[in-house]
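**Q**
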Amino acid sequence: MKIVMLGAPGAGKGTQAKMIAKEYGIPHVSTGDIFRANIKEGTELGKEAKSYMDKGELVPDELTVRILLDRVAQDDCKNGYVLDGFPRTIPQAEVLDAELTKLNDAIDFAIDVDVPDENIIRRMSGRRACLKCGATYHIEHIPPKQEGICDACGSELVLRDDDKEETVKNRLDVYHKQTQPLIDFYTKKGVLKSVDGTVDSAEVFSAIKAILG
Ligand code: ADP
Ligand code: AMP
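With numbering that gives the first Met the number 0, letter number 114 in the sequence shown gets 113, and the count goes up by one each step, no holes.
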């Protein structure tokens with residue numbers, strides 16, 4: 000099963016993608032996580048990505064597509080994957096589509112997690128992330144068992160640099176201009192499904208399971 004998660008930054012794509020990955024036994028592939036891991040390791044890729052991420056802008060398509068195609072070519076992706084944060088532009092979606100077509104394959108579901116802009120800023124300022132294992136929490140809605148510490152690996156939780164309010168506003172603008180058109184793209188392909196992302200994360204997941212079967 001090949002799934003694409005769509006939705007504004009902070010809509011809950013990562014939260015749901017991790018639950019899908021666990022339930023359906025497929026890898027969770029997040030381009031944002033790949034970039035953050037590279038930033039943490041101080042690689043050239045990380046340095047380049049950070050210059051865009053800190054401003055709330057998108058990393059250029061050419062670089063992002065290369066990273067994503069390398070990742071999905073790995074063995075663990077053979078039986079499917081859930082993409083979180085990719086594609087984010089029409090050219091990215093077109094390259095992915097063309098690569099899958101070459102393999103006589105296609106995306107099965109594009110799930111749009113729908114959350115209005117008003118809710119997003121609150122979500123992002125409360126998000127806490129583990130930069131070691133990629134787990135995410137929310138200080139009010141999805142708190143870790145011990146404040147500031149990751150349940151999964153015991154590392155310190157941080158507010159992401161790009162979750163500061165000014166950057167979030169820019170990320171929302173970028174989302175509306177460059178990413179929202181993908182809703183049309185996947186609607187035309189007949190694979191778009193929308194879920195209400197404003198309800199509790201367990202309820203969102205139930206709605207997704209009802210779609211995926
Ligand atoms: P995205 O991957 O779309 O950027 P995340 O999954 O990281 O979004 O979620 C953004 C923030 O909102 C996180 O702090 C997360 O814990 C929290 N969150 C996710 N889903 C819900 C929900 N259904 N209700 C409330 N908060 C949520
Ligand atoms: P995310 O973790 O998905 O919220 O992504 C964090 C940041 O990484 C984004 O704001 C972008 O700067 C960058 N990024 C992640 N995925 C992509 C992508 N598919 N295309 C371009 N930039 C991306």
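A virtual CB, placed ideally from N, CA and C, is assigned to each residue, including glycine.
1) What residue range does the alpha helix (DSSP H) around Leu171 cover?
2) Pair every Cβ in the segment 103 to 113 with every Cβ in the segment 163 to 175, then say whether three or more of these pairs are closer than 8 Å.
3) In three-state DSSP terms, what is Asp107?
4) With distance defined between alpha-carbon atoms, name the residue in Glu47, Pro90, Thr166 nearest to Leu158.
5) Where does Ser154 sit, in a helix, a strand or coil, going by DSSP?
6) Going by the DSSP bridge assignment, what does Ser29 pair with across the sheet?
7) Where do the ends of the beta strand (DSSP E) carrying Asp195 lie?
8) Counting only the same chain and skipping the five closest in sequence on each side, list residues whose C-beta sits under 8 Å from that of Leu44.
9) Can you tell me whether Arg87 sits near the ligand ADP, meaning its C-beta is under 7 Å from at least one heavy atom of the ligand?
10) Beta-carbon within less than 6 Å of Cys129's beta-carbon, same chain only, minus the 5 sequence neighbours each way: which residues are those?
11) To the nearest angstrom, how far is it from the Cα of Ile89 to the Cα of Lys101?
12) Using the Cβ count rule (16 or more neighbours within 10 Å means buried), how would you classify Lys187?
13) Please tell me whether, using a cut-off of 7 Å, the distance from the CB of Val28 to the nearest non-hydrogen atom of the ligand AMP is below it.
14) Nearest CA to the CA of Glu164: which residue from Leu99, Leu68, Ser124?
15) Rounded C-beta distance between Val81 and Ile19? I'm assuming under 8 Å.
16) Is Arg126 near the ligand ADP - that is, is its Cβ less than 7 Å away from at least one heavy atom of it?
17) Which residues in the same chain as Asp75 place their Cβ atom closer than 6 Å to its Cβ, once the five residues preceding and following it in sequence are excluded?
18) In three-state DSSP terms, what is Met4?
**A** Looking at the atomic coordinates:
1) It spans 164 to 173 - the alpha helix (DSSP H) in which Leu171 sits, taken as one unbroken run.
2) With the rule of 3 Cβ pairs closer than 8 Å, the segment 103 to 113 does not count as touching the segment 163 to 175.
3) In the structure shown, Asp107 adopts coil according to DSSP, grouped into three states.
4) Relative to the Cα of Leu158, the nearest Cα in the group Glu47, Pro90, Thr166 belongs to Thr166.
5) If DSSP states are grouped into helix, strand and coil, Ser154 belongs with coil.
6) DSSP, once it has assigned bridges, lists Asp83 as partnering Ser29.
7) Where Asp195 is concerned, the enclosing beta strand (DSSP E) stretches over 191 to 195.
8) Result list for Leu44: Phe34, Asn37, Leu62, Ile66, in chain order.
9) At a threshold of 7 Å, Arg87 does not count as near the ligand ADP, since its beta carbon sits no closer than that to any of the ligand's heavy atoms.
10) Excluding five sequence positions before and after Cys129, the CB atoms of its chain that fall closer than 6 Å to its own CB belong to Cys149, Ser154, Leu156, given in chain order.
11) Rounded to the nearest angstrom, the two C-alpha atoms are 18 Å apart.
12) Counting Cβ neighbours within 10 Å, Lys187 comes out exposed, since fewer than 16 surround it.
13) Between the ligand AMP and Val28, a heavy atom-to-CB distance of less than 7 Å is absent.
14) Of the residues Leu99, Leu68, Ser124, the one whose Cα lies closest to the Cα of Glu164 is Ser124.
15) Correct: roughly 5 Å between the Cβ atoms.
16) Arg126 Cβ: within cutoff of the ligand ADP.
17) The residues Pro26, in chain order, have a CB closer than 6 Å to that of Asp75 in the same chain once the five nearest residues on each side in sequence are set aside.
18) Looking at Met4 - three-state DSSP - the assignment turns out to be strand.
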